[in-house]
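S.K.: Using the numbering used here, you'd call the opening residue of the sequence shown number 502 and step up by one each time. For each residue, glycine too, the CB sits at the ideal point set by N, CA and C.
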Amino acid sequence: MISSFFAWVCFYEVRSDVLMAKLQVLLRPTGYHSDALHAALTVWQSGHGVVLASLLVLVGGVLLLEGLSIRRKNEAY
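Okay, structure coming up:
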């Protein structure tokens, strides 16, 4: 899952300088600080936040259905 996430980031970003900046933030623990959290939360206030929230709801729903399927039938959804 982690490798597919990094592959998606590399596929999604078309500018190599921005891609390297994103990968540096993801791979360095020092990149996780309160300023970065504040910048991430400001995205929620824009129109992009609606898309991001919809994606998170969709992903959460699929994970919930997957867990229910494994619990009830002992096999993946």
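#1: Arg507: which of Arg516, Leu557 and Leu528 sits nearest, CA to CA?
#2: Measuring only the C-alpha atoms, how far is Ala540 from Lys574?
#3: Quick one: complete alpha helix (DSSP H) runs, 4+ long, within the segment 515-546?
#4: The alpha helix (DSSP H) spanning Glu581 covers which residue range?
M.R.: Considering the structure as presented:
#1: Note that residue 507 is Phe in the sequence shown here, rather than Arg. Ranking Arg516, Leu557 and Leu528 by Cα distance to Phe507 puts Leu528 first.
#2: Their backbone Cα atoms lie some 42 angstroms apart in a straight line.
#3: Taking only runs of at least 4 residues, the alpha helix (DSSP H) segments lying wholly in the segment 515-546 are 517-528 and 535-543.
#4: No statement about residue 581 is possible, as the shown extent of the chain runs from 502 to 578 and does not include it.
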